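Asker: Here it is, the structure, as structure tokens.
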Amino acid sequence: MEEQLQAIIAETESALASVEARSQLDQVKATIIGGNGKLTVLMKGIAAVPKEERPAFGQAVNKAKKQIESLLTQTAESLDNAEDAAALGKTADVTLPPSGNYIGGLHPLTQTKRRIASIFRQIGFTVAEATEVETEWFCFDALNTPEDHPARDEQDTLYFPKESRFGNVSRKTEEAYVLRTHTSSVQIRTMLKEKPPIRVIAPGRCFRRDTVDATHSANFHQVEGLYVDKKVTVRDLKAVLDHLLRELFGKEVKTRLRPSFFPFTEPSFEVDLYSSNLGRLSNKWIEIMGCGMVDPKVFENVDIDSKEWSGFAFGIGIERVAMMLHGIDDIRHFYQNDLRFLSQF
Amino acid sequence: MKVSIEWLKDYVEVDASTEELVEVFPMLGMEVEGVEGGGGADIDKVVVGEVLTRNPHPEADRLSVCTVNVGEGQPEASIVCGASNFQPGDRVPVALPGAKLPGGFKIKKSKLRGVTSEGMMCSAKELNLGDDHDGLLVLAHRPDVGIPIKEAFADSDVTFDLELTANRGDCLSHLGVARELAARYDRKIRFPEVKSDVPTVSEPSADNLLSKVSIESENCKLYLAWTIKGLKVGPSPEWMKRRLESVGLRPINNVVDVTNYVLMETGNPLHAFDAKKIAGNEIRIRNATEGETIKTLDEVDRRLDESMMVIADAEKPLVVAGVMGSVDAEVDQNTTDIALEAAWFSPGNVRATARKLNLSTDSSYRFARDVNPQLARYSAQRAIDLILETAGGELVSEEVKVGNPPRGDRTIEIAPDFVRSTCGYEVTDEQLADAWGRLGFTVEKGEPWKVTVPSFRAEVDRPIDLVEEFVRIHGTSEIPETRVVCEAVSRNDAAQFTFSEKAADALVGQGFRECCQYSLRDGKEIEAWSDQATVEALTLANPLTAEHTHLRASLLPGLLETLAHNQRNHNDLRRVFEVGRILRPAPKGTTELQSVAFAILTKPIAREWDTELAPDFHEAKLLANRLLAATGIIMPKGGLRSLEDSSAWQQGHAASAGDVHQNRVELTVGFCKLSLSREKGVNGPVLACELLVDPVMLRQKVKPVKFRSFGSFPPALKDLALVVDENVPAEDVRLAIETAALQATDKNFIVDPVTIFDVFEGKGLGEGKKSVACAIRFRSDDRTLEDKDVNAAFDETQRILAETTDYALRS
Numbered sequence: 013m014e015e016q017l018q019a020i021i022a023e024t025e026s027a028l029a030s031v032e033a034r035s036q037l038d039q040v041k042a043t044i045i046g047g048n049g050k051l052t053v054l055m056k057g058i059a060a061v062p063k064e065e066r067p068a069f070g071q072a073v074n075k076a077k078k079q080i081e082s083l084l085t086q087t088a089e090s091l092d093n094a095e096d097a098a099a100l101g102k103t104a105d106v107t108l109p110p111s112g113n114y115i116g117g118l119h120p121l122t123q124t125k126r127r128i129a130s131i132f133r134q135i136g137f138t139v140a141e142a143t144e145v146e147t148e149w150f151c152f153d154a155l156n157t158p159e160d161h162p163a164r165d166e167q168d169t170l171y172f173p174k175e176s177r178f179g180n181v182s183r184k185t186e187e188a189y190v191l192r193t194h195t196s197s198v199q200i201r202t203m204l205k206e207k208p209p210i211r212v213i214a215p216g217r218c219f220r221r222d223t224v225d226a227t228h229s230a231n232f233h234q235v236e237g238l239y240v241d242k243k244v245t246v247r248d249l250k251a252v253l254d255h256l257l258r259e260l261f262g263k264e265v266k267t268r269l270r271p272s273f274f275p276f277t278e279p280s281f282e283v284d285l286y287s288s289n290l291g292r293l294s295n296k297w298i299e300i301m302g303c304g305m306v307d308p309k310v311f312e313n314v315d316i317d318s319k320e321w322s323g324f325a326f327g328i329g330i331e332r333v334a335m336m337l338h339g340i341d342d343i344r345h346f347y348q349n350d351l352r353f354l355s356q357f
Numbered sequence: 009m010k011v012s013i014e015w016l017k018d019y020v021e022v023d024a025s026t027e028e029l030v031e032v033f034p035m036l037g038m039e040v041e042g043v044e045g046g047g048g049a050d051i052d053k054v055v056v057g058e059v060l061t062r063n064p065h066p067e068a069d070r071l072s073v074c075t076v077n078v079g080e081g082q083p084e085a086s087i088v089c090g091a092s093n094f095q096p097g098d099r100v101p102v103a104l105p106g107a108k109l110p111g112g113f114k115i116k117k118s119k120l121r122g123v124t125s126e127g128m129m130c131s132a133k134e135l136n137l138g139d140d141h142d143g144l145l146v147l148a149h150r151p152d153v154g155i156p157i158k159e160a161f162a163d164s165d166v167t168f169d170l171e172l173t174a175n176r177g178d179c180l181s182h183l184g185v186a187r188e189l190a191a192r193y194d195r196k197i198r199f200p201e202v203k204s205d206v207p208t209v210s211e212p213s214a215d216n217l218l219s220k221v222s223i224e225s226e227n228c229k230l231y232l233a234w235t236i237k238g239l240k241v242g243p244s245p246e247w248m249k250r251r252l253e254s255v256g257l258r259p260i261n262n263v264v265d266v267t268n269y270v271l272m273e274t275g276n277p278l279h280a281f282d283a284k285k286i287a288g289n290e291i292r293i294r295n296a297t298e299g300e301t302i303k304t305l306d307e308v309d310r311r312l313d314e315s316m317m318v319i320a321d322a323e324k325p326l327v328v329a330g331v332m333g334s335v336d337a338e339v340d341q342n343t344t345d346i347a348l349e350a351a352w353f354s355p356g357n358v359r360a361t362a363r364k365l366n367l368s369t370d371s372s373y374r375f376a377r378d379v380n381p382q383l384a385r386y387s388a389q390r391a392i393d394l395i396l397e398t399a400g401g402e403l404v405s406e407e408v409k410v411g412n413p414p415r416g417d418r419t420i421e422i423a424p425d426f427v428r429s430t431c432g433y434e435v436t437d438e439q440l441a442d443a444w445g446r447l448g449f450t451v452e453k454g455e456p457w458k459v460t461v462p463s464f465r466a467e468v469d470r471p472i473d474l475v476e477e478f479v480r481i482h483g484t485s486e487i488p489e490t491r492v493v494c495e496a497v498s499r500n501d502a503a504q505f506t507f508s509e510k511a512a513d514a515l516v517g518q519g520f521r522e523c524c525q526y527s528l529r530d531g532k533e534i535e536a537w538s539d540q541a542t543v544e545a546l547t548l549a550n551p552l553t554a555e556h557t558h559l560r561a562s563l564l565p566g567l568l569e570t571l572a573h574n575q576r577n578h579n580d581l582r583r584v585f586e587v588g589r590i591l592r593p594a595p596k597g598t599t600e601l602q603s604v605a606f607a608i609l610t611k612p613i614a615r616e617w618d619t620e621l622a623p624d625f626h627e628a629k630l631l632a633n634r635l636l637a638a639t640g641i642i643m644p645k646g647g648l649r650s651l652e653d654s655s656a657w658q659q660g661h662a663a664s665a666g667d668v669h670q671n672r673v674e675l676t677v678g679f680c681k682l683s684l685s686r687e688k689g690v691n692g693p694v695l696a697c698e699l700l701v702d703p704v705m706l707r708q709k710v711k712p713v714k715f716r717s718f719g720s721f722p723p724a725l726k727d728l729a730l731v732v733d734e735n736v737p738a739e740d741v742r743l744a745i746e747t748a749a750l751q752a753t754d755k756n757f758i759v760d761p762v763t764i765f766d767v768f769e770g771k772g773l774g775e776g777k778k779s780v781a782c783a784i785r786f787r788s789d790d791r792t793l794e795d796k797d798v799n800a801a802f803d804e805t806q807r808i809l810a811e812t813t814d815y816a817l818r819s
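Taken in order, these protein sequences are the chains called A and B.
Just so you know, the first sequence maps onto residues 13 to 357 in the working numbering.
Just so you know, the second sequence maps onto residues 9 to 819 in the working numbering.
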């Protein structure tokens, strides 16, 4: 009997060896464990086996059946695998480029803007936004820039016609609309809307009535910063800007605050940077940004009590930082969007 | 402004080197734009040589071969030279073999086109002595031959070109700059002594060359006049000419030169009139009449208006006050009698007039920055001394004075603790008193301190201004370095910023390159892409150029230009996007909107081994849907619908959803109008998407989503194909089926969103018909649906469709 079982197993194995399709597998299955299959027939012979031998018989047959079923399953699996593999086609040449072989990327100005924003987030500054269309009051008067100040000249600032009306740019009175010349106007809108303590940066697009050349652009980008709290000092201002410039340009850079003048800060400074690692700009003092303590008149204009609160403000050009970081020599590259430029960053 | 160091030394002891001053001036708030002169050339083996002969080079037309005497006992040098601005006999710098020039260039004996050259004759630029590199630096003062070049310049002056900030009008003179250096180095300042001291009268006496002086304009607060008789106009002395030239002024004659000299010395503009040319001997300071004309000294006829102030005689204007005189009262070779003016004019008025006339002068520049009115008398006295010294004549012994100085010294009360709390670092009372004292301020310590600021510092009038002065003079290098220490301020980034970041990241992930375009556009472009109302709303009042007359109404035209630019340059750039602000007219006024736009080139120029499927409308729609999902913007109700009559988009191949003014969101997807993309120079159709968002919407607070539970029982699937007119949108069919199915189940079980799986046009459907096949999934949360329930619902769905639509069941 054991010989019979071994013969059936051997027959199954040899039959399966030549199976190449599921139909052949089904056929083999039918001849062995189908209704009239060889094993089935053998099993049915149990009736003729003496009662005391039946348990051993049953065990032997079951063992053989399991073995056969396992063989069938293995074959079925290898058929499936072969079928799946066939569906994948020929071996891929992994060195070929994909079709549509282009990738996306952020503009270098966006990358620089985000880098600056993330440096400021480390020290608790968050981003504030306001409109690019501004009014004279928010762009100049509130920032203590008097009516006859050269910055307000039509030579330098782009104005909208007197009759223009804007739906989502609020005015103080009936003043003219302009394109903001700096994001310092965001300071004003923020201070009018939020109460101190305030710690914000305002990255955004600004406009000057400039002829476009290698260093000038009709529009450009700036990050303005504002910090208003109790007991904010010149020392805090230096600490924050040193942090920014060292994170941006490396720990070894030197900085200096050079006395300067802005209508909206007092005292005012230009920040100079000295680094051995800035290409053509290495090893000399390079002007990088303006800053100062918020002028009491600005606080007065936004109803913040300068006896209780003090603060500082600063502004840095995103194009300028990107040009220094990457050694870009012409500001127009940022606006030409040539792939050979964009893909470098 | 140019300042001469030699000149400065008249007023303050300066022993700092040029290199030191280059560092010192900026830290006082004066930027150094340039430094000139000063024998900066401390270079070994560069000596003074004298050209002995000059002959043409046998092989090169542009070169000459010279013999040069380079010093006693030295052999004559033969030098090949490319310059032509010299003669035999001229003395020039000669770099001998072994010299190393500032640029790092080493001189050695060499052959130039076959002729030996034993050194090089140098230009000013090559020695870092100036910008001139057109020819040799011919040493006109003929220093001794053979001496080192450094010695040839040993006593020459250095001039600094300083850029001053708008608030520091007081520094626009040598005395002003000297005062800053005196404060920096803690030195005394020496004012030149003046001799001409005469009594002051308010009305001229009979002796005076003037009969009357009257102020009739509120923009003049003080007017002083003197007259001098019998002077002789001629050239100024050499020392004065040299000083004027050193700061960039052209000497004219002794009288005019003195007024310019004093202007550069004290910063106070003065004006000299030829007294005989003053009609009626009368000086009137009045506003110009509308349309009055004057020919200014630059020979330009200028038309004046009532806002401008003039100094006039009985008949006509003689000077645009504080700006420029006229040819009518000019001091010339024949002048013998003069009237000299010193005055204080309102800064704003002078600035406005200069701007209107587009005429900025040394005088207007200073008046516009608030000249010290207390200095007018001293400046005039100084000028009179110099005129009498250089041109002779006799001073009429009286000063005519009309009006009064509008401001003088002022006293500011300040507590030292205020300085300390603003600075944030250790400052002693002594340091404070020292810094202010050096600036010439008087400090009276008390409760509080009283600091008196002289009239020359018009802008220092608040405690915070004194803090600034302290920090400046004490030195910003004294501010200690610290780590940033600050308490948290709980605040999020502005929603608009976060939105922009998400949008950019989403599109970068889909293979798009971010671009940055100019916001200013050409009005014609706006008209082509939108309409006349937009053109009008977006116009600038004072554009600089004809191409930059309007603000942008869309990011798309710029993106198309970028695609065209890259296509022309054979750059394989196919997908671009921009995130930026645009303007759109709206009923309540023009509105600034946040926009995200992308554009896809459908015909890439790059050839590939395996061609990418040309992107179609549905690709753009998919990308737009993903963009909405990534930025959390909800598609406006109604979804994308075919766009009719658009100026920017191709009819039949574009769709839009929402209206930004009503829904605060507007999405448009499809092909840009083919004629527009062609006009922008793009080869092939451009697929694009423009999303407009009103920033107000981004600021809305989003409520947390409420979870809905779902069951684990399998759905029952039913397919349904309907035959409809070919112009019926598939979405209408899908929606009809979904609505019918929902109605049919009567909330007894769930209907998943119905999906379209096949659209077919062709044989057997009839002319102008198409079939839309949809899959319906019925399910229940609490049981496996039985066939009879599902079939009943499906039958009912079909019945409802038959009743409510004219769509036919596809047989």
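Virtual Cβ for every residue (Gly too), placed ideally from N, Cα, C.
The structure displayed is predicted, hence computed values, not measured ones.
Span of the beta strand (DSSP E) holding Asp282/B?
Answerer: In the second sequence, counting from the first residue as 1, residue 282/B sits at position 274. Taken as a continuous stretch (DSSP letters only), the beta strand (DSSP E) holding Asp282/B covers 278-282.
Asker: Compare the beta carbon distance of Lys303/B and Val335/B with 7 Å and say whether it is the shorter of the two.
Answerer: Residue numbering aside, residue 303/B sits at position 295 when the second sequence is read from its first letter. Residue numbering aside, residue 335/B sits at position 327 when the second sequence is read from its first letter. Contact flag set, yes.
Asker: What does Ser485/B reach in chain A if we use C-beta pairs closer than 8 Å?
Answerer: For this step, residue 485/B is matched to residue 477 along the second sequence. Those within 8 Å of Ser485/B in chain A are Arg268.
Asker: What do you get for Tyr19/B, buried or exposed, if any count of 16 or more other CB atoms within 10 angstroms of its CB means buried?
Answerer: Counting from one through the second sequence, the residue named residue 19/B turns up at place 11. By the 10 Å Cβ count, Tyr19/B comes out buried.
Asker: Jot down the residue ranges of each uninterrupted alpha helix (DSSP H) in the region 226-288 of chain A, minimum 4 residues, whole runs only, in chain order.
Answerer: List check, alpha helix (DSSP H) in window: 246-261.
Asker: Taking 7 Å as the CB-CB cut-off, is Cys228/B touching chain A?
Answerer: Taking the first residue of the second sequence as position 1, residue 228/B is located at position 220. Closer than 7 Å: no.
Asker: Does the beta carbon of Glu600/B sit closer than 7 Å to a beta carbon anywhere in chain A?
Answerer: Translated into the one-based positions of the second sequence, residue 600/B becomes position 592. Interface residue, yes.
Asker: What does Ser130/A reach in chain B if we use C-beta pairs closer than 7 Å?
Answerer: As a position in the first sequence, residue 130/A is number 118, starting the count at 1. Residues of chain B passing the Cβ test: none, with the nearest at roughly 11 Å.
Asker: Is the CB of Thr245/A under 7 Å away from at least one CB in chain B?
Answerer: Here residue 245/A refers to the residue found at position 233 when the first sequence is read from its first residue. So, interface residue.
Asker: If the cut-off is 9 Å on Cβ atoms, which residues from the region 513-534 of chain B count as contacting chain A, listed in chain order?
Answerer: Under the 9 Å Cβ criterion, the region 513-534 of chain B contributes Asp513, Leu515, Val516, Gly517, Gln518, Gly519, Phe520, Arg521, Glu522, Cys523, Cys524, Gln525, Tyr526, Ser527, Leu528.
Asker: So, are the CB atoms of Tyr526/B and Ala230/A less than 7 Å apart?
Answerer: Counting from 1 along the second sequence, the entry for residue 526/B is found at position 518. Counting from 1 along the first sequence, the entry for residue 230/A is found at position 218. The answer is yes: Cβ separation under 7 Å.
Asker: Determine, for Asp18/B, whether the minimum Cβ-Cβ distance to residues of chain A falls below 7 Å.
Answerer: Here residue 18/B corresponds to residue number 10 of the second sequence, with the count starting at 1. By this cut-off, Asp18/B is not an interface position.
Asker: Keeping to the same chain, check which residues put their C-beta closer than 8 Å to that of Ala384/B; ignore five residues upstream and five downstream.
Answerer: Here the question's residue 384/B lines up with position 376 in the second sequence. Cβ within range, chain order: Leu230, Leu232, Asn276, Ala350, Ala351, Trp352, Pro413.
Asker: So, at 6 Å on beta carbons, what are the nonlocal neighbours of Arg672/B in its own chain, with the 5 sequence-adjacent residues on each side left out?
Answerer: In the second sequence, the residue the question calls residue 672/B occupies position 664. For Arg672/B, where only same-chain residues beyond five positions count, the Cβ hits under 6 Å are Asp702, Met705.
Asker: Could one say the Cβ of His556/B lies closer than 7 Å to chain A's Cβ atoms, at least one of them?
Answerer: The count along the second sequence starts at 1 and reaches residue 556/B at position 548. Yes, His556/B counts as interfacial toward chain A.
Asker: Going along chain B, which residues have a C-beta under 9 Å from Met305/A?
Answerer: Taking the first residue of the first sequence as position 1, residue 305/A is located at position 293. Within chain B, the residues near Met305/A are Thr430, Ile472, Val475, Glu476.
Asker: What's the call for Thr103/A, buried or exposed, on a 16-neighbour Cβ count within 10 Å?
Answerer: On the first sequence, position 91 is the one that residue 103/A refers to. Thr103/A comes out exposed.
Asker: Flag Ala251/A as yes if its beta-carbon sits less than 7 Å from any beta-carbon of chain B, otherwise no.
Answerer: On the first sequence, position 239 is the one that residue 251/A refers to. Answer yes: the Cβ-Cβ gap between Ala251/A and chain B drops below 7 Å somewhere.
Asker: Kindly list the residues whose CB is nearer than 7 Å to the CB of Ala283/B, restricted to its own chain and excluding five residues on each side of it in sequence; keep chain order.
Answerer: Working through the second sequence from its first residue, we reach residue 283/B at position 275. The residues are Leu217, Thr235, Asp345, Ile346, Ala347.
Asker: Need the endpoints of the beta strand (DSSP E) that Tyr231/B sits in, please.
Answerer: The residue labelled residue 231/B in the question sits at position 223 within the second sequence. 228-237 is the span of the beta strand (DSSP E), which, as asked, contains Tyr231/B.
Asker: For Leu204/A, report the span of its beta strand (DSSP E) as first-last.
Answerer: In the first sequence, the residue the question calls residue 204/A occupies position 192. Leu204/A -> not in any beta strand (DSSP E); alpha helix (DSSP H) instead, spanning 196-205.
Asker: Tell me the DSSP bridge mates of Cys218/A?
Answerer: As a first step, residue 218/A must be located in the first sequence, where it is residue number 206. Cys218/A is bridged to Phe232/A.
Asker: Determine which residues share a DSSP beta bridge with Trp457/B and list them.
Answerer: Residue numbering aside, residue 457/B sits at position 449 when the second sequence is read from its first letter. Answer by DSSP bridge pairing, in chain order: Ile422/B.
Asker: Is the Cβ-Cβ distance between Lys158/B and Ala107/B less than 7 Å?
Answerer: Reading the second sequence from its first residue, position 150 is the one you call residue 158/B. Reading the second sequence from its first residue, position 99 is the one you call residue 107/B. Not a contact, by the Cβ cut-off of 7 Å.
Asker: Are the C-beta atoms of Leu354/A and some chain B residue less than 7 Å apart?
Answerer: The residue given as residue 354/A occupies position 342 in the first sequence. Closer than 7 Å to some Cβ of chain B, the Cβ of Leu354/A qualifies, so yes.
Asker: Is the shortest distance between the beta-carbon of Val497/B and the beta-carbons of chain A less than 7 Å?
Answerer: Residue numbering aside, residue 497/B sits at position 489 when the second sequence is read from its first letter. True, the Cβ-Cβ gap to chain A drops below 7 Å.
Asker: Hey, is Ser288/A's beta-carbon within less than 7 Å of any beta-carbon in chain B?
Answerer: For the purposes of this step, residue 288/A is taken as residue 276 along the first sequence, with counting starting at 1. Ser288/A does not count as touching chain B.
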